[in-house]
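Chemist: Protein chains in written order, with full-length UniProt numbering: chain A, 1 to 198; chain B, 1 to 545. Yeah, the Cβ is synthetic: ideal placement off N, Cα and C, and Gly gets one too.
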Amino acid sequence: MSRNETESQDVKVRRTVWRSVAALVGMFAFAFALVPLYDVFCRVTGINGKVDTTAQALVHDEVDESRMVTVQFITRNGSGLPWRMDVETRQVRVHPGQTSEVNFTFNNQSNAVSWGRAVPSVSPSTATRHVRKASCFCFEEQRLEAGERIEMPLVFQLARDLPSEVNTVTLVYTLYPVEGKQQSPLQAGVKTIEGDEA
Amino acid sequence: MAPKVPPQPTLEQSSTAVEAGHGHAHAAPPKGIMRWLLTTNHKEIGSLYLIFSLIMFFIGGIFALVVRAELFQPGLNLVNPEFFNQMTTMHGLIMVFAAVMPAFTGLANWMIPLQIGAPDMALPRLNNFSFWLLPVAFTLLLSTLFMPGGGPNFGWTFYAPLSTTYAPPSTTFFILALHIAGVSSILGAINIIATILNMRAPGMRMMDMPLFVWTWLITAFLLIAVMPVLAGVITMMLMDINFGTSFFNAAGGGDPVLFQHLFWFFGHPEVYIMILPAFGIVSAIIPAFARKRLFGYASMVYATSAIALLSFLVWGHHMFAVGMPLAGQLFFMYSTMLIAVPTGVKVFNWVTTLFRGSISFEPPMLFALAFVVLFTIGGFSGLMLAIAPADFQYHDTYFVVAHFHYVLVPGAVFSIMAGVYFWLPKWTGHYPHLRLSQWHFWLSVIGVNLTFFPMHFAGLAGMPRRIPDYALQFADFNLVSTVGAFMFGFSQLLFVAVVVLCVRGGKKAPAQAWGEYADDLEWTVPSPAPLHTFETPPTFQRPAH
């Protein structure tokens, strides 16, 4: 093999390596890009029960009285937040297009201030995009004083174009502590202020 | 019946050609441990990979035997559940990342330069680095077992939030170990691609390459595509655990299901990374001992590429039970079943190669034939699992365990052993001890089936995986599995004996050790292969078809 050919082989190897490295970096970036992509994909398609957590305008005068849909509410405590979350009624029957209001109560059962957030999810996922919320406690984080009890409304509407096979819609709210805004229970026993820095 | 003619090439070993390579201008290699720490020779690095993987195979095997011993009888008998979880997890991690993958990389290091007529890998020093990362990574991983809170206990799939919110404190070390192992595989893959694309003997076109080279090239592309995704996932875990992000934490707006999507986007191509090189090995061995050309070389290449491409579209079949819209279930179900087509092409080609061949049953052929039969069984149970509505029944049961062990043990592991038996004459200059190899084969094949076949039944009857105790009706199946597992485990000591004896001595092997149908370039260099080969590129002669 002549010197020229050897050199060109080195050049070719180098080119292959750089291309591979570029592909590597691209795939690593792609893995991170998948996170927002996944989020957007789920929101757009409603798969996974992810709902918009911003208020939507209600649409009036289009109640479909020929149809009744059961809306169920499930509240759960996700992890470690010493709160109790209840709903005044576990189930309502509504017409598509009808505006309803349901009250939820939050009760901080500990002796410390804490921050929590209810994360919503809708089932079946085909109904997700047809749930319109005008006002919801799930839009923001809540701060509850020790022992405080508050009531917050959910105002919602099912869109008239709710797929016809959907007869029951379940709204699930899972309570989570807000990271970085909590007092540990141990601290809470000693002093009762702080807790809401940040 | 065709007459049995064992390959008996004359001992025309060209010992004179050996010295030629050694002669010039190589500084004396360092002695002792430094020789192995500093070596840039593809054969030595290949041996290091293979020895490392064999050690890890035994460590992972001991973990498996702890699991099987606990499951020998119902009830909590030997170990506590926390330790049982660490054993199942570590068994999986070690076998996947430290045994099977390095074994294939070792075979690639040894054989790819020999098969394409290159003097060494394209990047020899990088090669040394990627090997020596492995002992570091897995020492770190194994050391987590001695840390407070124990080692990883969340299964080899390390689903969040088990591996984040509820993980033991050692998880950060697990992440680091996996990062290092990932860097090692990525560097190995780059090296293999650079070697195959640029260093083939003059005249060797892509479609002239032996199938082991082809399958490894495709595997290396898969590694480059998905190992960075694994690195991304574990980096997100690291940030969730230590830096307060919420990639997989629903409380902060993240999503644990996202973890599963990302993991299996890596994980499904990963299972093909562990089986494609096996296809290449078997495609070399079957023609050699059937004394025929491989049937359908080109279709083998296209089928392998098709499997690799489809592997990116099927990750959802691991997640049917997680909750997925009907359209998603249908898509992943049909795309998964589509993979059976190229896989079927391969099995068809092997069987057709055997058809009317003059078959003999040397040790490599025994393992290769067992591979074809048992891997196909694993493929069929995979098809059953691919059926979304049926999967709700099978999900997370021992049926899944039976399935992936059939494709990984008598699949990947048997193919590695077949490859080792096939190439041992080239590496050591001696044939492996025939009787011992046969004992090793038959004990292994009986042990494997005793271990994993009953798991199909236990799984269909509803026994869940990863649980240290079980209902009484599963007792008999588990007893058989445990007996089989110990039989399989201990018979691997025979494998070590065969390899050690073969290195030490045995029947001398000529250059073309397995007859005229094993005629790729590696069989043109003397046995044992001298340290330096093909310093002047060979002229590639296309075999007459």
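(1) Would you kindly check if the distance between the Cβ of B/ALA64 and the Cβ of B/HIS91 is under 7 angstroms?
(2) Would you decide whether B/ALA370 is buried or exposed? Buried here means 16 or more other CB atoms lie within 10 Å of its CB.
(3) Indicate the three-state DSSP secondary structure (helix, strand or coil) for residue 547 of chain B in the structure shown.
(4) Just to confirm the assignment, what range does the beta strand (DSSP E) spanning A/SER125 have?
(5) Check the Cβ of A/TYR38 against every Cβ in chain B and list those closer than 7 angstroms, keeping chain order.
(6) Is there a Cβ from chain A that is less than 7 angstroms from the Cβ of B/THR539?
(7) If we ignore side chains and look at the alpha-carbon of each, how far apart do A/ALA29 and A/GLY97 end up?
(8) With DSSP collapsed to three states, give me the class of A/ASP133.
(9) Could you name the residues of the same chain whose beta carbon sits closer than 8 angstroms to that of B/ALA25, not counting the 5 residues immediately before and after it, in chain order?
(10) Find out if the Cβ-Cβ distance for the pair B/TRP214, B/VAL271 is shorter than 7 angstroms.
(11) Give a yes or no on whether 7 angstroms exceeds the smallest Cβ distance from A/TYR173 to chain B.
(12) Closest Cβ-Cβ distance between B/ALA290 and chain A: below 7 angstroms?
(13) Just to confirm the assignment: which complete alpha helix (DSSP H) runs, minimum length 4, are found wholly within the region 87-123 of chain A?
(14) Which residues in chain A sit within 7 angstroms of B/GLY197, going by Cβ to Cβ distance?
(15) Suppose you measure from the CA of B/SER184 to the CA of B/LEU460; what does that come to, to the nearest Å?
(16) Just the C-alpha distance for B/ARG125 and B/THR40, rounded to the nearest angstrom, thanks.
(17) Give the straight-line distance between the Cα atoms of B/ASP255 and A/VAL35, rounded to the nearest whole angstrom.
(18) Looking at the secondary structure, which residues open and close the beta strand (DSSP E) in which A/GLN157 lies?
(19) Determine, using beta carbons only, whether B/LEU424 and B/LEU494 come nearer to each other than 7 angstroms.
(20) If you run the structure through DSSP and keep just helix, strand and coil, what is A/LEU81?
(21) What does the alpha-carbon distance come out to for the pair B/ALA284 and B/ALA290?
(22) Give the DSSP bridge partners of B/LYS508, in chain order.
(23) When you compare the CB of B/GLY23 with every CB in chain A, is at least one pair closer than 7 angstroms?
(24) Got a sec, what are the start and stop residues for the beta strand (DSSP E) A/PRO177 sits in?
(25) Measuring CA to CA, which of A/SER114, A/SER110, A/TRP115 and A/LYS133 is closest to A/ARG121?
(26) Restricting to runs no shorter than 3 residues, where is the beta strand (DSSP E) found entirely within the region 364-449 of chain B?
(27) Using the beta-carbon of each residue, which ones in chain A are nearer than 7 angstroms to B/PHE331?
(28) Hey, could you find the ends of the beta strand (DSSP E) A/LEU144 is sitting in?
(29) Would you kindly work out how many angstroms separate the C-alpha atoms of B/ALA225 and B/THR397, rounded to a whole number?
(30) What does B/GLY411 reach in chain A if we use C-beta pairs closer than 8 angstroms?
(31) Measuring alpha carbon to alpha carbon, tell me which residue in B/ASN478, B/GLU44 and B/TRP36 is nearest B/PHE399.
(32) From which residue to which residue does the alpha helix (DSSP H) around B/SER47 run?
(33) Starting from the C-beta of B/GLY484, find all residues in its chain whose C-beta is less than 6 angstroms away, skip the five residues before and the five after it, and write them out in chain order.
(34) Under a Cβ-count criterion, where at least 16 other Cβ atoms within 10 Å of its own Cβ denotes burial, should B/TYR431 be classed as buried or exposed?
(35) Suppose contacts are defined by Cβ-Cβ distances below 7 angstroms. Is B/GLY232 in contact with A/ALA31 by that definition?
(36) For chain A, find out if any of its Cβ atoms is closer than 7 angstroms to the Cβ of B/ILE116; answer yes or no.
Modeler: In short, the structure shows the following:
(1) yes
(2) buried
(3) Residue 547 of chain B falls outside the range modelled here, since chain B spans only 1 to 545, and no answer is possible.
(4) No beta strand (DSSP E) holds A/SER125; DSSP gives it neither H nor E.
(5) LEU258 and HIS261
(6) no
(7) 43 angstroms
(8) A quick correction: the sequence has Lys, not Asp, at residue 133 of chain A. Strand.
(9) Only weak support exists for where B/ALA25 lies, its pLDDT of 47 falling under 50; the value from the coordinates is given anyway. So the list is empty, once near-sequence residues are dropped.
(10) no
(11) no
(12) no
(13) none
(14) A quick correction: the sequence has Leu, not Gly, at residue 197 of chain B. Within chain A, the residues near B/LEU197 are THR16.
(15) 39 angstroms
(16) 5 angstroms
(17) 9 angstroms
(18) 149-158
(19) no
(20) coil
(21) 11 angstroms
(22) B/HIS430
(23) Caution applies to B/GLY23, whose pLDDT of 42 falls short of 50 and renders its modelled position unreliable; the value that the coordinates give is listed next. By this cut-off, B/GLY23 is not an interface position.
(24) 168-177
(25) Correcting the residue type first, residue 121 of chain A is Ser in the shown sequence and not Arg. The shortest C-alpha separation from A/SER121 is found at A/LYS133.
(26) none
(27) Chain A residues near B/PHE331: none, gap ~12 angstroms exceeds 7 angstroms.
(28) 142-144
(29) 30 angstroms
(30) Those within 8 angstroms of B/GLY411 in chain A number zero; the least Cβ separation is about 26 angstroms.
(31) B/ASN478
(32) 42-70
(33) GLY447, LEU450 and THR451
(34) buried
(35) yes
(36) no
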